[in-house]
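What follows is a short report on a single structure.
2 protein chains.
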Amino acid sequence: MKNISQPKIAAFAGGVGGARMANGLAQLLPPEQLSIIVNTGDDFEYWGLSISPDLDTVMYTLAGIANPQTGWGLLDEGHRCLENMRSLGQPGWFGLGDRDLATHLTRTQWLREGKNLTQVTRSLGEALGVNHAILPMSNDPCRTIVLTPAGEMDFQTYFVREQWQPQLTGLRWEGLSEAHITPEVRQALIAADLIFFCPSNPFVSIDPILNLSGVLDLIKAKPVVAISPIIGGKAIKGPAAKMFDELLHTEASAHSVAAYYQHRGLLKGFVIDHQDQDLESKLTTLGLDVLVTNTLLPDPITQKQVARVILDFVSHLV
Amino acid sequence: MKNISQPKIAAFAGGVGGARMANGLAQLLPPEQLSIIVNTGDDFEYWGLSISPDLDTVMYTLAGIANPQTGWGLLDEGHRCLENMRSLGQPGWFGLGDRDLATHLTRTQWLREGKNLTQVTRSLGEALGVNHAILPMSNDPCRTIVLTPAGEMDFQTYFVREQWQPQLTGLRWEGLSEAHITPEVRQALIAADLIFFCPSNPFVSIDPILNLSGVLDLIKAKPVVAISPIIGGKAIKGPAAKMFDELLHTEASAHSVAAYYQHRGLLKGFVIDHQDQDLESKLTTLGLDVLVTNTLLPDPITQKQVARVILDFVSHLV
Numbered sequence: 066m067k068n069i070s071q072p073k074i075a076a077f078a079g080g081v082g083g084a085r086m087a088n089g090l091a092q093l094l095p096p097e098q099l100s101i102i103v104n105t106g107d108d109f110e111y112w113g114l115s116i117s118p119d120l121d122t123v124m125y126t127l128a129g130i131a132n133p134q135t136g137w138g139l140l141d142e143g144h145r146c147l148e149n150m151r152s153l154g155q156p157g158w159f160g161l162g163d164r165d166l167a168t169h170l171t172r173t174q175w176l177r178e179g180k181n182l183t184q185v186t187r188s189l190g191e192a193l194g195v196n197h198a199i200l201p202m203s204n205d206p207c208r209t210i211v212l213t214p215a216g217e218m219d220f221q222t223y224f225v226r227e228q229w230q231p232q233l234t235g236l237r238w239e240g241l242s243e244a245h246i247t248p249e250v251r252q253a254l255i256a257a258d259l260i261f262f263c264p265s266n267p268f269v270s271i272d273p274i275l276n277l278s279g280v281l282d283l284i285k286a287k288p289v290v291a292i293s294p295i296i297g298g299k300a301i302k303g304p305a306a307k308m309f310d311e312l313l314h315t316e317a318s319a320h321s322v323a324a325y326y327q328h329r330g331l332l333k334g335f336v337i338d339h340q341d342q343d344l345e346s347k348l349t350t351l352g353l354d355v356l357v358t359n360t361l362l363p364d365p366i367t368q369k370q371v372a373r374v375i376l377d378f379v380s381h382l383v
Numbered sequence: 066m067k068n069i070s071q072p073k074i075a076a077f078a079g080g081v082g083g084a085r086m087a088n089g090l091a092q093l094l095p096p097e098q099l100s101i102i103v104n105t106g107d108d109f110e111y112w113g114l115s116i117s118p119d120l121d122t123v124m125y126t127l128a129g130i131a132n133p134q135t136g137w138g139l140l141d142e143g144h145r146c147l148e149n150m151r152s153l154g155q156p157g158w159f160g161l162g163d164r165d166l167a168t169h170l171t172r173t174q175w176l177r178e179g180k181n182l183t184q185v186t187r188s189l190g191e192a193l194g195v196n197h198a199i200l201p202m203s204n205d206p207c208r209t210i211v212l213t214p215a216g217e218m219d220f221q222t223y224f225v226r227e228q229w230q231p232q233l234t235g236l237r238w239e240g241l242s243e244a245h246i247t248p249e250v251r252q253a254l255i256a257a258d259l260i261f262f263c264p265s266n267p268f269v270s271i272d273p274i275l276n277l278s279g280v281l282d283l284i285k286a287k288p289v290v291a292i293s294p295i296i297g298g299k300a301i302k303g304p305a306a307k308m309f310d311e312l313l314h315t316e317a318s319a320h321s322v323a324a325y326y327q328h329r330g331l332l333k334g335f336v337i338d339h340q341d342q343d344l345e346s347k348l349t350t351l352g353l354d355v356l357v358t359n360t361l362l363p364d365p366i367t368q369k370q371v372a373r374v375i376l377d378f379v380s381h382l383v
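For the record, the sequence lines run as chains A and B. Taking the working numbering, the leading residue of the first sequence gets 66, the next gets one more, and so forth. Taking the working numbering, the leading residue of the second sequence gets 66, the next gets one more, and so forth.
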């Protein structure tokens, strides 16, 4: 155990749970101690716009302007454009809000002007008053494609249009072999004293980052701590529990999350909810330091409280 | 005088006055008797979107969904996206509404997919229930550039951002020499029994159409009737009166409008408002048949009434 008074953390995140956990950490750690590395496998084109749902959810959450009910999208949002797009016969299954459109219009324009996704995300974050580095995992497209008995579909079609109801038979990433992590992600991973997996979907939020060439090498010598996105056998939100069943043919549980990461020897520590405290001894047999605490993150105050407990815990692991 | 029971009219239009006059005609004439040929010199790119202000004003007016106060933009409009664009440091001087954005997003996407502006405009019109042909003058960019003592600027910068306050020293059209009228405009002009200039700005709405190669040749053997956009020495809206002063160093009046068209020998008939009836005899010395009537077009019922009087008048000219 090194004695590091100011450990640097690289947090992997995607989706609402990841964004909320990142927001807890961001309330406690100065920008130089926290980098948030975000999944871009969900990114897609819609209405001719470049959409990065996970980046936006993290950005809006840290800016304090996310819709607290949904966890994604913006406060005080309207849908007049969406209504008219439907009247024009355009697809309406992805509910882009009027305010939210400003982000996508700006991102699309800046990307067309030749900025990369990291630069665009930094500029958007600065404009919204976000102080912490929100780093897309890659500037290259690396799209999550879900395999179903009826064929392949891109992630947002599965997740939003089909409301994650199709049975999954597998996942693949389009562009993975040509995609690179960014210099900023590389630097953050090299500088990090600890890698933290936020309570995000292991298969479609954390794995896309881990799949990128070089990431496993860069983190293999670092302590990695994950927090379970499964509480009491259920996902707070989204298809994580269903994916354990369909992809791994195993019951969804905090233990199955830990085992999924740990079969690759990734983890040093694991954080579970009080609801799952009966799993603690089983988790220690996986070689893990275990923290049992509240892991529900409904609001910024709770996010900060949970982050404080987790930072105490991980300070013994770096 | 030919005896044509169902004369075909090609109406040249641009801006709110033009759109309102076109809407009067469209309420009386079936689609096979009316083609509306619209200025695209105002078109520009904004927020990465392809904007065609005059096409949209005509389309929204004919669809019955234009904002009746402004004459442009949509009913029941919001500006949440605009607010957020400003927060992101994007320009906010062109007030795109949330509903209106759907039109621009769709146009931009369809143009990128390879449709031309005529096809895009037809599809948008069909989706909004417009039955009459709204024809962009060209599928090629032909942009109005205004010359001022401080330098050049594109039309929307002059018109909207600078609220047409800079002094004009001249006009030019970027792309004019490479731009062509569309096959649909050519066909409409060939088929027309009468050409009608709506009460639009002669310099920046009607001239861009007339400037396109072939237009003057196609209309020279046809009767042309214009309605004055200047009433009582003033423009109902916009810089037309100011332009007579700055570009022609002449007083703005219905007579100066007629003289401006007639020095090119364009007109057979001219329509003026009751307010200008003292100009009637002076106008006849220009060789014009003159109709004096109400020419204010605030609402669809009035637009239809004025159009009926004008159609009676022009039926004697074809």
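All residues carry an ideal CB built from backbone N, CA and C; glycine is no exception. If you're wondering where the values come from, they're calculated on a predicted model, not measured in any experiment.
Own chain partners of residue i with C-beta closer than 6 Å, once the 5 adjacent residues on each side are dropped
| i | result |
| --- | --- |
| B/Gly136 | Val81 |
| B/Asp341 | Ala319 |
| B/Phe378 | Leu356 |
| A/Leu193 | Ala128 |
| B/Ala198 | Ser100 |
| B/Arg145 | Asp163 |
Start and end residues, alpha helix (DSSP H) containing residue i
| i | result |
| --- | --- |
| B/Met86 | Gly80 to Leu93 |
| A/Arg226 | Segment: none, A/Arg226 is in no alpha helix (DSSP H) and carries neither H nor E. |
| A/Ser278 | Counting along the chain, A/Ser278 falls outside any alpha helix (DSSP H), and DSSP gives it neither H nor E. |
| A/Glu311 | Ala305 to Leu313 |
| B/Ile375 | Pro365 to Val379 |
Chain-ordered neighbours of residue i on chain B, where CB pairs are closer than 7 Å
| i | result |
| --- | --- |
| A/Asn149 | Arg164 and Ala167 |
| A/Ser117 | Neighbours of A/Ser117 on chain B: none; closest Cβ ~15 Å, over 7 Å. |
Proximal chain A residues relative to residue i, where beta-carbon distance stays under 7 Å
| i | result |
| --- | --- |
| B/Arg177 | Gly113 |
| B/Leu174 | For clarity, residue 174 of chain B is Gln in the given sequence; the question names Leu instead. Near B/Gln174 (Cβ distances below 7 Å), the residues of chain A are Trp112 and Gly113. |
| B/Ala192 | Ser152, Leu153 and Gly154 |
| B/Gly143 | Gly143, Arg145 and Asp163 |
Endpoints, the beta strand (DSSP E) within which residue i is located
| i | result |
| --- | --- |
| A/Asn130 | In the sequence under discussion, the amino acid at residue 130 of chain A is Ile, which differs from the Asn named in the question. That residue, A/Ile130, is in no beta strand (DSSP E); it is neither H nor E in DSSP. |
| B/Ile292 | Val289 to Ile292 |
| A/Gly216 | Gly216 to Asp219 |
| B/Leu236 | Gly235 to Glu239 |
| A/Ala317 | Run containing A/Ala317: none; DSSP gives neither H nor E here. |
| B/Leu99 | Leu99 to Val103 |
Local conformation of residue i per DSSP, three classes
| i | result |
| --- | --- |
| A/Arg329 | coil |
| B/Ser203 | strand |
| A/Gly162 | coil |
| A/Ala194 | Per the sequence shown, the amino acid found at residue 194 of chain A is Gly instead of Ala. Of the three classes helix, strand and coil, the one that applies to A/Gly194 here is coil, per DSSP. |
| A/Asp338 | strand |
| B/Val211 | strand |
| B/Thr247 | coil |
| A/Thr360 | coil |
| A/Leu153 | coil |
| B/Leu348 | helix |
| A/Cys258 | The sequence shown places Asp at residue 258 of chain A, rather than the Cys named in the question. Coil, per DSSP. |
| A/Val148 | Checking the sequence, you will find Glu at residue 148 of chain A rather than Val. A/Glu148 falls in the helix class under three-state DSSP. |
| A/Lys67 | Only weak support is given to the placement of A/Lys67: the predicted model assigns it a pLDDT of 49, under 50, and the question is left unresolved by the model. |
| A/Ile116 | strand |
| A/Ile284 | helix |
Cβ of residue i within 8 Å of any chain C Cβ
| i | result |
| --- | --- |
| A/Arg85 | As a matter of chain content, chain C is missing from the structure shown, whose protein chains are A and B. |
Chain A contact residues for residue i, given Cβ-Cβ distances below 9 Å
| i | result |
| --- | --- |
| B/Thr247 | Those do not exist, as B/Thr247 stays about 22 Å from chain A at its closest Cβ, beyond 9 Å. |
Partners in chain B for residue i, counting only beta-carbon separations shorter than 9 Å
| i | result |
| --- | --- |
| A/Gln134 | Simply none; closest approach about 17 Å. |
| A/Arg208 | Residues of chain B passing the Cβ test: none, with the nearest at roughly 20 Å. |
Close beta carbons around residue i, own chain, < 7 Å, minus the five adjacent residues each side
| i | result |
| --- | --- |
| A/Ile284 | Leu254 and Ile260 |
| A/Ala91 | Leu99, Leu127 and His197 |
| A/Pro363 | none |
| B/Pro231 | Thr213, Ala215 and Tyr223 |
Cβ-based neighbour list, residue i, same chain, cut-off 8 Å, excluding 5 preceding and 5 following
| i | result |
| --- | --- |
| B/Gly297 | Asp338, Gln340 and Asp341 |
| A/Glu316 | Gly298, Phe309 and Asp310 |
| B/Gln368 | Arg85, Met86, Asn88, Gly89, Gln92 and Leu362 |
Neighbouring residues, chain B, relative to residue i (Cβ below 8 Å)
| i | result |
| --- | --- |
| A/Leu313 | The contacting residues do not exist; A/Leu313 stays about 39 Å from chain B at best. |
| A/Thr222 | Correct list: empty, because the minimum Cβ distance to chain B is about 18 Å. |
Check your understanding: For the 8 Å Cβ check, are there 3 or more pairs between the region 222-236 of chain A and the region 157-172 of chain A?
Key -> yes
**Study point:** Any 3 or more C-beta pairs closer than 8 Å across the region 271-278 of chain A and the region 334-354 of chain A
**Key:** no
Review point. Do the region 187-204 of chain A and the region 176-183 of chain B touch if we need at least three Cβ pairs shorter than 8 Å?
Key: no
Exercise for review: Would you check if the region 109-120 of chain A and the region 162-176 of chain A touch, i.e. whether three or more CB-CB distances between them fall below 8 Å?
Suggested key: yes
Point to revise | Any 3 or more C-beta pairs closer than 8 Å across the region 357-377 of chain A and the region 315-332 of chain B | key: no
Check your understanding: Can we say the region 238-254 of chain B touches the region 99-107 of chain B, given the rule of at least three CB pairs closer than 8 Å?
Key -> yes
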